[in-house]
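A quick write-up on the structure given underneath.
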Amino acid sequence: MITKRIQQLEESATLAVDAKAKEMKANGIDVVSFGAGQPDFPTPQNIKEEAISAINGNFTGYTESSGIPELKKAIAAKFRRENGLEYDASQIIVSCGAKHTLHNIMETIVGPGDEVLIPVKALILSSPSNPTGMVCDADELKKIADLAATQDFYVIADEIYEHLIYGGNRHISIASLGDGIKNRAITVNGVSKSYSMTGWRIGYCGAPKDIAAGMAKLQSQTTSNPTSISQKAAIEALNGPQESVAMMRQEFDRRRMLMHRLLNGMEGVRCHLPEGAFYCWANISETGLSSMDFASRLLEEAHVAVVPGIAFGDDNFIRLSYACSTEQIEKGMERMKKWVQQR
Numbered sequence: 015m016i017t018k019r020i021q022q023l024e025e026s027a028t029l030a031v032d033a034k035a036k037e038m039k040a041n042g043i044d045v046v047s048f049g050a051g052q053p054d055f056p057t058p059q060n061i062k063e064e065a066i067s068a069i070n071g072n073f074t075g076y077t078e079s080s081g082i083p084e085l086k087k088a089i090a091a092k093f094r095r096e097n098g099l100e101y102d103a104s105q106i107i108v109s110c111g112a113k114h115t116l117h118n119i120m121e122t123i124v125g126p127g128d129e130v131l132i133p134v135k136a137l138i139l140s141s142p143s144n145p146t147g148m149v150c151d152a153d154e155l156k157k158i159a160d161l162a163a164t165q166d167f168y169v170i171a172d173e174i175y176e177h178l179i180y181g182g183n184r185h186i187s188i189a190s191l192g193d194g195i196k197n198r199a200i201t202v203n204g205v206s207k208s209y210s211m212t213g214w215r216i217g218y219c220g221a222p223k224d225i226a227a228g229m230a231k232l233q234s235q236t237t238s239n240p241t242s243i244s245q246k247a248a249i250e251a252l253n254g255p256q257e258s259v260a261m262m263r264q265e266f267d268r269r270r271m272l273m274h275r276l277l278n279g280m281e282g283v284r285c286h287l288p289e290g291a292f293y294c295w296a297n298i299s300e301t302g303l304s305s306m307d308f309a310s311r312l313l314e315e316a317h318v319a320v321v322p323g324i325a326f327g328d329d330n331f332i333r334l335s336y337a338c339s340t341e342q343i344e345k346g347m348e349r350m351k352k353w354v355q356q357r
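Residue numbers (the working numbering): 15 to 357.
Printed below as a string of structure tokens:
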């Protein structure tokens with residue numbers, strides 16, 4: 015008998031769209047997919063070589079459940095260097111991806127009867143944002159930090175897209191705004207987006223000591239350690255050359271400008287210019303279709319995959335990833351434009 019909790023659990027909409035697009039492609043249909051939230055670049059060679067070295071060195075057994083000391087040291091240095099944050103090893107937990115990190119956090123701080131809305135126990139802050147692509151500025155973060163202090167709640171800062179910011183925008187970690195908010199903030203990150211390592215499954219966080227201790231205990235009894243080989247690769251990602259990150263950011267910048275321009279050239283579609291990540295958040299309310307109907311029909315009739323906005327709580331929008339080639343963007347946008355005009 016499957017529990018009601020699992021029966022009520024919905025499949026990830028983004029993964030479902032991607033799976034459907036792949037199924038259609040396997041059946042010989044030429045699908046342009048804007049669904050997947052992963053870079054289309056290969057993992058940098060130096061990172062792959064470090065993983066191969068770990069395999070050849072037989073680093074394939076169990077490790078410390080919350081991450082090996084060398085990786086925690088690299089993460090602490092990264093927090094200090096890039097985010098102005100000081101965490102010791104006991105405050106850093108390495109998990110099997112940022113999604114796993116977020117799950118561990120919620121299991122640790124939210125219990126039966128707690129609400130994550132009103133009254134607030136925790137606020138999950140995504141900046142740069144998935145799906146909107148917007149970036150919180152210093153004033154907005156300060157207001158959130160002040161509110162967390164007065165209302166006594168945690169801020170779970172998902173910063174997985176921090177290196178993918180464009181124009182004059184810059185990333186600020188909310189935990190860097192003073193001791194008051196640092197004691198209420200949990201900073202979540204990983205190597206998936208910045209280093210094209212989505213399949214390596216390494217996420218991490220810096221947290222107050224009591225929360226980190228609870229997460230470590232939870233993880234020791236559930237998944238145990240993240241993959242040993244991936245941990246070695248993550249050390250190289252954080253400590254090694256960063257040119258690939260800059261190259262990827264420049265290419266995403268060109269693509270976001272292209273997709274933004276083409277979307278706003280469509281009848282009934284409006285889109286703001288994203289400031290970060292690699293998504294366009296397009297308003298399709300003028301078409302008169304729900305986001306699910308829009309996405310389903312677009313895939314079936316025009317062979318273009320997008321994610322319905324209702325998956326993120328807003329039925330007036332669709333999310334499109336520009337983590338694909340310029341040629342794919344141009345082809346998909348042309349199909350979508352014709353479909354919108356002719357439907």
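Glycine included, every Cβ here is placed at the ideal spot set by N, Cα and C.
All figures in this text were calculated on a predicted structure; none of them were measured in a lab.
Query raised in the report: Does the beta-carbon of Q105 have 16 or more other beta-carbons within 10 angstroms, so that it is buried, or is it exposed?
Result: In the sequence shown, counting from the first residue as 1, residue 105 sits at position 91. With 16 or more other Cβ atoms within 10 Å, it is buried.
Query raised in the report: Assuming M350 contacts V318 under a Cβ cut-off of 8 angstroms, what Cβ separation, rounded to an integer in Å, is found between them?
Result: Here residue 350 refers to the residue found at position 336 when the sequence shown is read from its first residue. Here residue 318 refers to the residue found at position 304 when the sequence shown is read from its first residue. About 5 angstroms separates the Cβ atoms of M350 and V318, confirming a contact at the 8 angstroms cut-off.
Query - Cβ separation of G111 and G204, assumed to be a contact under 8 angstroms, to the nearest whole Å - result: Here residue 111 corresponds to residue number 97 of the sequence shown, with the count starting at 1. Here residue 204 corresponds to residue number 190 of the sequence shown, with the count starting at 1. With 8 angstroms as the limit, G111 and G204 qualify as a contact, their Cβ atoms being about 6 angstroms apart.
Query raised in the report: Among H185, G217, L191, which one has its Cα closest to the Cα of L252?
Result: Here residue 252 is taken as the residue at index 238 of the sequence shown, counted from 1. Measuring from the Cα of L252, the nearest candidate turns out to be G217.
Requested in this report: Compare the Cα-Cα distances from P56 to each of C338, Y168, S140, W353 and report the closest residue.
Outcome: Position 42 of the sequence shown holds residue 56. For the residues C338, Y168, S140, W353, the minimum Cα distance to P56 belongs to C338.
**Report entry** Neighbour flag for I16 against chain D, beta carbons, 8 angstroms
**Finding:** Protein chain content of the structure displayed is limited to a single chain, and chain D is not contained in it.
Query raised in the report: In or out: N72 buried (at least 16 other Cβ within 10 Å) or exposed?
Result: In the sequence shown, counting from the first residue as 1, residue 72 sits at position 58. Exposed, since its Cβ has fewer than 16 Cβ neighbours within 10 Å.
Query raised in the report: DSSP state of D267, grouped into three classes?
Result: Position 253 of the sequence shown, counted from the start, is the residue given in the question as residue 267. Three-state DSSP puts D267 in a helix.
Query raised in the report: Taking the beta strand (DSSP E) that I332 falls in, what are its first and last residues?
Result: For the purposes of this step, residue 332 is taken as residue 318 along the sequence shown, with counting starting at 1. Here the beta strand (DSSP E) through I332 covers 331–335.
Report task. Leaving aside the five residues before and after I107 along the sequence, list all residues of the same chain whose C-beta is less than 8 angstroms from its C-beta, in chain order. Result -> By 1-based counting over the sequence shown, the position of residue 107 is 93. Apart from the 5 residues on each side of it in sequence, I107 sits with its Cβ closer than 8 angstroms to the Cβ of S80, G81, T115, N118, Y218, C219, A221, A226, M229, A230, Q233 in its chain, given in chain order.
Query raised in the report: Between which two residues does the alpha helix (DSSP H) carrying T115 extend?
Result: In the sequence shown, residue 115 corresponds to position 101, counting from 1. Segment 112–123, the alpha helix (DSSP H) holding T115.
Query raised in the report: On the premise that R284 lies in contact with N297, defined as a C-beta separation below 8 angstroms, what is that separation, rounded to the nearest angstrom?
Result: Residue numbering aside, residue 297 sits at position 283 when the sequence shown is read from its first letter. Residue numbering aside, residue 284 sits at position 270 when the sequence shown is read from its first letter. Indeed, because the Cβ distance is near 4 angstroms, the residues count as touching under 8 angstroms.
**Report entry** Proximity to P288 [Cα-Cα], best of P145, R95, Q356
**Finding:** Numbered from 1 along the sequence shown, position 274 holds the residue referred to as residue 288. Nearest option by C-alpha distance: P145.
Query - Where E203 falls: helix, strand or coil (DSSP) - result: By 1-based counting over the sequence shown, the position of residue 203 is 189. Correcting the residue type first, residue 203 is Asn in the shown sequence and not Glu. Secondary structure at N203: strand, using DSSP grouped into helix, strand and coil.
Query raised in the report: What are the start and end residues of the alpha helix (DSSP H) that includes S234?
Result: Stepping through the sequence shown from its first residue, residue 234 is reached at position 220. Boundaries of the alpha helix (DSSP H) harbouring S234: 223–234, taken from the DSSP string.
Query raised in the report: Is there contact between the region 176–190 and the region 135–142, where contact requires at least three CB pairs shorter than 8 angstroms?
Result: With the cut-off at 8 angstroms, the region 176–190 and the region 135–142 touch.
Requested in this report: Excluding the 5 residues preceding and the 5 following C150 in the sequence, name in chain order all residues of the same chain whose CB lies nearer than 6 angstroms to its CB.
Outcome: As a first step, residue 150 is located in the sequence shown; it is residue number 136 there, counting from the start. These residues qualify, in order along the chain: S141.
Query raised in the report: Are N97 and S190 touching if we call contact CB-CB under 8 angstroms?
Result: In the sequence shown, counting from the first residue as 1, residue 97 sits at position 83. In the sequence shown, counting from the first residue as 1, residue 190 sits at position 176. Their beta carbons are under 8 angstroms apart, which means N97 touches S190 by this criterion.
Report task. Report the option in R198, D193, G147 whose CA atom is closest to the CA atom of I179. Result -> Counting from 1 along the sequence shown, the entry for residue 179 is found at position 165. Comparing Cα-Cα distances from I179 to each of R198, D193, G147, the minimum goes to G147.
Query raised in the report: When you compare only the Cα positions, how much space is there between G192 and E348?
Result: As a position in the sequence shown, residue 192 is number 178, starting the count at 1. As a position in the sequence shown, residue 348 is number 334, starting the count at 1. One C-alpha to the other measures close to 48 angstroms.
Query raised in the report: Considering only residues of the same chain and omitting the five flanking positions on each side of D209, which have a CB-CB separation below 6 angstroms?
Result: Within the sequence shown, the letter at position 195 stands for residue 209. Sequence inspection shows Tyr at residue 209; the Asp mentioned does not correspond to that position. The beta carbon of Y209 lies closer than 6 angstroms to those of A251 in the same chain, with the five residues before and after it left out.
Report task. Kindly indicate the opening and closing residues of the beta strand (DSSP E) around L139. Result -> Walking along the sequence shown from the start, residue 139 turns up at place 125. Its beta strand (DSSP E) spans residues 136–140.
Query raised in the report: Going by other Cβ atoms of all chains shown within 10 Å of its Cβ, with 16 needed for buried, is Y76 buried or exposed?
Result: Within the sequence shown, residue 76 is the residue found at index 62, counting from 1. That one is exposed.
Requested in this report: Could you please give the first and the last residue of the uninterrupted alpha helix (DSSP H) stretch that includes D172?
Outcome: As a position in the sequence shown, residue 172 is number 158, starting the count at 1. No alpha helix (DSSP H) holds D172; the beta strand (DSSP E) holding it covers 168–172.
Query raised in the report: Any idea if A171 is buried or exposed, counting beta-carbon neighbours within 10 angstroms, 16 or more meaning buried?
Result: On the sequence shown, residue 171 is found 157 positions in, with the first residue counted as 1. A171 counts as buried, since no fewer than 16 other beta carbons sit within 10 angstroms of its beta carbon.
Query raised in the report: Per DSSP, G217 forms a beta bridge with which residues?
Result: Stepping through the sequence shown from its first residue, residue 217 is reached at position 203. Answer is S109, G204.
Query raised in the report: Is it a yes or a no for the region 239–251 touching the region 319–327, going by three-plus beta-carbon pairs under 8 angstroms?
Result: Cβ pair count under 8 angstroms is below three, so no.
Query - Option in A33, G213, M273 with minimal Cα separation from A247 - result: For this step, residue 247 is matched to residue 233 along the sequence shown. When each option's Cα is compared against that of A247, the closest is G213.
Report task. Look at the alpha carbon of V259 and the alpha carbon of K156, and state the distance between them as a whole number of angstroms. Result -> The residue you call residue 259 lines up with position 245 of the sequence shown. The residue you call residue 156 lines up with position 142 of the sequence shown. Their backbone Cα atoms lie some 28 angstroms apart in a straight line.
Query - 6 angstroms Cβ shell around K92 - same chain, five flanking residues per side excluded - result: Here residue 92 refers to the residue found at position 78 when the sequence shown is read from its first residue. Cβ contact annotation for K92 (same chain, cutoff 6 angstroms, sequence separation greater than five): L252, in chain order.
Query raised in the report: Enumerated in chain order, which unbroken segments of the beta strand (DSSP E) with a length of 3 residues or greater are wholly contained in the region 296–350?
Result: Taking only runs of at least 3 residues, the beta strand (DSSP E) segments lying wholly in the region 296–350 are 331–335.
Requested in this report: Would you identify the three-state DSSP class for V283, choosing helix, strand or coil?
Outcome: By 1-based counting over the sequence shown, the position of residue 283 is 269. Coil, per DSSP.
Query - Beta-carbon proximity of G262 to P53, cut-off 8 angstroms - result: Stepping through the sequence shown from its first residue, residue 262 is reached at position 248. Stepping through the sequence shown from its first residue, residue 53 is reached at position 39. Sequence check: residue 262 is Met here, not Gly. If you check the CB distance, M262 and P53 come in under 8 angstroms.
Requested in this report: Would you mind working out which of L313, Y293, E281 sits nearest S299, comparing C-alpha positions?
Outcome: In the sequence shown, counting from the first residue as 1, residue 299 sits at position 285. Among L313, Y293, E281, the Cα nearest to that of S299 is on E281.
Query raised in the report: Can you give the beta carbon distance from S244 to Y293, rounded, assuming they're within the 8 angstroms contact cut?
Result: As a position in the sequence shown, residue 244 is number 230, starting the count at 1. As a position in the sequence shown, residue 293 is number 279, starting the count at 1. Distance from S244 to Y293 at the Cβ level is roughly 25 angstroms; contact not present, criterion being Cβ atoms closer than 8 angstroms.
Query raised in the report: Going by the beta-carbon positions, is the gap between E78 and N239 smaller than 8 angstroms?
Result: Within the sequence shown, the letter at position 64 stands for residue 78. Within the sequence shown, the letter at position 225 stands for residue 239. Cβ atoms of E78 and N239: closer than 8 angstroms.
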